[in-house]
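A.B. asks:
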Amino acid sequence: MGRLALTVVLLVGYAMLPGVVLGRASGLRGARLLAFAPPLSLAVIAFGSVVTTVVPLGWGLVTIVLATGVLTLVASGCRSVAQQAGAARSAAAFGHELPRHALILTASSLVLCSALWSWVLARVLPAPDSFSQTYDNVFHLSTIRFIYESGSASPLLPIGLGDGTPGRSFYPTLWHAFTALGMPMAGDVAIATNAALLVVCGIVWPASLLAFLFSMTRLRAATILATAAVAAGVSSFPLLTLTWGVLYPNTLGFALVPAAMGGILAASGMGVAGGSLRLPLALASAFIIPAVFLGHPNALILTILAIAPALVTAAWRYWRAPSPSRSHGTRFIVAAAQVLVSVALVACWLLVRPGFNAWPPIASKLPALGEGLLLTMPARSPNLAVAALVIVGLVWVLRARAHRWLAVSWAIVLALWVVVASFAEGQLRTLLTETFFSDPPRLAAALAVVAAPLALLGINSLLDRLDHNVGDSPSPWVATSPGAGRTAVLLPTVLLVVATQAMPGMTNAIERAQGAYEFAPAACVAGDVTCLTTADERALLRRLPHLIERGSVTLTLPTNGSSLAYALEGMPVAWTYISEQPRPAVLTLEQRLALVPAGDPDICAAAASLGIRYVLDFGKQNVSGDIEVHPGLEGLSRARSVERVDSVGDAVLYRLRGCPTS
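If you're matching positions, the sequence shown starts at 13 in this note's numbering and goes up one per residue.
(1) Please state whether DSSP places Arg329 in a helix, a strand or coil.
(2) Would you mind listing the alpha helix (DSSP H) stretches within the segment 570-640 that are 4+ residues and don't spill past its ends, in chain order?
(3) Give me the residue from Leu122, Leu576, Phe182, Leu169 with the minimum Cα distance to Val216.
(4) Out of Leu115, Thr388, Pro584, Ser421, which has the shortest C-alpha to C-alpha gap to Leu322?
(5) Three or more beta-carbon pairs under 8 Å between the segment 226-239 and the segment 470-480, yes or no?
(6) To the nearest angstrom, how far is it from the Cα of Ala460 to the Cα of Leu418?
(7) Under a three-way DSSP split, which group does Phe182 fall into?
(8) With a 10 Å radius around its C-beta and 16 neighbouring C-beta atoms as the bar for buried, classify Gln96 as buried or exposed.
(9) Ser653 lies in the beta strand (DSSP E); which residues open and close that run?
(10) Figure out for me which residue from Phe630, Ala279, Leu605 has the closest Cα to the Cα of Ala618.
(11) So, do the segment 443-458 and the segment 391-400 have three or more beta carbon pairs nearer to each other than 8 Å?
(12) Assess contact between the segment 51-69 and the segment 267-284, defined as three or more Cβ pairs (one per stretch) separated by less than 8 Å. Is contact present?
(13) Buried or exposed: Arg157, going by 16 or more other Cβ atoms within 10 Å of its Cβ?
(14) Looking at C-beta atoms only, is the number of pairs between the segment 517-531 and the segment 251-258 that lie closer than 8 Å three or more?
(15) Could you tell me the distance, in whole angstroms, from the CA atom of Ile639 to the CA atom of Gly163?
(16) Just to confirm, is the Cβ distance from Leu85 to Ala37 under 9 Å?
(17) Which residues does DSSP pair with Asp658 in a beta bridge?
(18) Could you tell me whether the Cβ atoms of Leu387 and Thr191 are closer together than 9 Å?
(19) Compare the Cα-Cα distances from Val657 to each of Gln633, Asp612, Thr566, Tyr589 and report the closest residue.
(20) Span of the alpha helix (DSSP H) holding Val565?
(21) Give the single residue among Cys90, Ala467, Pro379 whose Cα lies nearest to the Cα of Leu406.
(22) Answer yes or no: does any C-beta atom of chain C fall closer than 9 Å to that of Ser574?
(23) In chain order, which continuous runs of the beta strand (DSSP E) of length 3 or greater are located wholly inside the segment 405-469?
(24) Check whether the Cβ atoms of Tyr183 and Thr205 lie closer than 9 Å to each other.
(25) Determine the burial state of Leu553: buried for a count of at least 16 other Cβ atoms within 10 Å of its Cβ, exposed for fewer.
(26) Can you find at least 3 beta carbon pairs, one from the segment 64-73 and one from the segment 311-326, that sit closer than 8 Å?
(27) In terms of alpha-carbon separation, which member of Arg562, Val585, His558 lies closest to Pro570?
(28) For the alpha helix (DSSP H) that contains Leu552, what are its first and last residues?
(29) Are Leu293 and Gly275 closer than 9 Å when you measure CB to CB?
(30) With Glu161 and Gly563 assumed to form a contact (beta carbons below 8 Å), what rounded beta-carbon distance in angstroms separates them?
(31) Keeping to the same chain, check which residues put their C-beta closer than 6 Å to that of Pro486; ignore five residues upstream and five downstream.
(32) Beta strand (DSSP E) containing Leu293: first to last residue?
(33) Alpha carbon to alpha carbon, what distance is there between Ala189 and Gly382?
(34) List the whole-angstrom C-beta distance separating Ala464 from Val242, where the pair is believed to meet the contact cut-off of C-beta under 8 Å.
(35) Taking all protein chains shown into account, decide if Ser181 is buried (16 or more other Cβ within 10 angstroms of its Cβ) or exposed.
(36) Hey, Gly245 and Leu508: beta-carbon distance below 9 Å or not?
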């Protein structure tokens, strides 16, 4: 447990300090600086990862420090130019709109959310080095290992992650780059991943929510603290994306969406953070938006989709408002900007399409609508407390004319959820949802991202109503003085923690998530998508560094978990991850190895071409619990072409026989 805790501390530093430096250079102060610091830190890490594409700096502290310095200079330069042009006030004027105690409340909220997520993950993870037993995790863990060992966090990944397969392809690597920063302390990919889970869920996600809310409206002290309970109490995000997939990139990308929206909102003049804060928040959003994209492209599409109603509203108000200072030319520029945003949304919607549409609908239309309203995914149990607060928040935004756009954003994502969950497979469903892989869990998570701010606005409006009914001051800030003031701040949070963590929606989701992180049984049920490795197979993987010579390559199958030899132990393998196209030599071996005598020329030539000397046999059962047929890897215990080196249960390591390399 010690290494996990130390890795968390290290990653908290990476998630906070670069953003604090960049945020101050952008002009943010106080609670807003603290709320925007984690998203801005991820922006720095995203920039650093892109830099490693062309500059071999390695991946670690030096690169992050240099990236922070470059972006800080950019932010300072932009502020200086704007101030000289009269678009901003002096640096001393920035950040006084929030009371001083808002900083303490924001810090307390992040600490509380981290504690709640520590409790959730302690129930989900059987051990500190447990890992998700799901399809995508072979790739994710292998990518973290590759970034750590190669020193390149570029989103233009080598197709084979260093196994020799030629070519590169784009993949959003921000999650992997951030997690790899924890590897020097963790020394283990699974521990680094679990530390990153805690930091992203416990700090980045609630900070992003607060960054959005600070830009949108005035918050009560109790609402700031209650953000922790909502961020840890919605089962469909981030817990769902840690269960299904596993969707680590979506987890990080979606967590950054509210912060990006908050900056755009302030820059467009639609929030309360106007005046001198427009420039700092515009700069913040400009830095965060690329990070959202490198988190996952469909997170950027969610951002555009969710903020588009606000931008349309802002443009309409600007166009209609009478002002002698607004010439026809200025209004034309605003209209042109709105057209560009619309074109960007349509272009992203049509171009960012993965061409992968494998998941069928899961409900009929009316039940799907009910599940969306009650936030029932993934356990199909309602989150009643949060769902009720979302409804209250909707009522508030509809009554407060300035924020009706958020109800439209929520309705759009809810409609997409109903389409993906209930519409029959076909062109319409694909057109509307393929950007999100036509995958119900992804859109359930996206709906939660938009619903969470509404729930917090619901809390805020209830507190406003309560104060109005008892005749208290209409001030939006509850005092933090002893006695009743502290009770007023703490009580809503305590009640909300109980109402979320103890309800079936959350407890069932945690049980479901736990199943995804437990070792697979010796014989999985067909269709079980958490059947990657058994305890015996993991035990054999741990022995590999003591059994295999440095530089030797092992023949593995990613679908049965044996390719985790690379991700978990750093041992080179010939076939790294599931969606990778195997090379011809690998196909020759997996089709013929067990059927030929020792020293077969074709087998030896294929093995020599890739440096293969060992074979890891984890059986025929794959990650989905189905049976795969690979004739050359069946019956290896009787084959003359290999000899047994070691085994744990049914997991066996073999060495090639009769070839010159053996």
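Every residue gets a Cβ at the ideal spot worked out from N, C-alpha and C, and that includes glycine.
C.D. replies: To lay it out plainly:
(1) helix
(2) 576-581, 596-604, 613-622
(3) The option with the nearest alpha carbon to Val216 is Leu122.
(4) In the sequence as displayed, the identity of residue 322 is Ala instead of Leu. Comparing Cα positions, the closest option is Ser421.
(5) With a cut-off of 8 Å, the segment 470-480 and the segment 226-239 count as touching, because enough Cβ pairs lie within range.
(6) 13 Å
(7) strand
(8) exposed
(9) Ser653 -> no beta strand (DSSP E), and no H or E assigned at all.
(10) Leu605
(11) no
(12) yes
(13) buried
(14) yes
(15) Cα to Cα, Ile639 sits roughly 37 Å from Gly163.
(16) Yes, they are a contact pair.
(17) Answer is Leu665, bridged to Asp658.
(18) no
(19) Thr566
(20) Counting along the chain, Val565 falls outside any alpha helix (DSSP H), though it belongs to the beta strand (DSSP E) covering 565-567.
(21) For Leu406, the closest of Cys90, Ala467, Pro379 by C-alpha to C-alpha distance is Ala467.
(22) In the structure shown, chain C cannot be found, because there is only a single protein chain.
(23) If we require 3 residues or more, the segment 405-469 turns out to have no beta strand (DSSP E) run fully inside it.
(24) Cβ atoms of Tyr183 and Thr205: not closer than 9 Å.
(25) buried
(26) no
(27) Val585
(28) 547-559
(29) yes
(30) At roughly 14 Å, the Cβ-Cβ gap does not stay under 8 Å, so Glu161 and Gly563 are not in contact.
(31) For Pro486, the pLDDT reaches just 38, beneath the cut-off of 50, and the residue's location in the model is therefore unreliable, although a value from the coordinates is still provided. Within the same chain, and ignoring the five residues on either side of Pro486 in sequence, no residue has its Cβ closer than 6 Å to its Cβ.
(32) Careful: Leu293 lies outside any beta strand (DSSP E), inside the alpha helix (DSSP H) at 290-307.
(33) 38 Å
(34) 6 Å
(35) Burial call: exposed.
(36) yes
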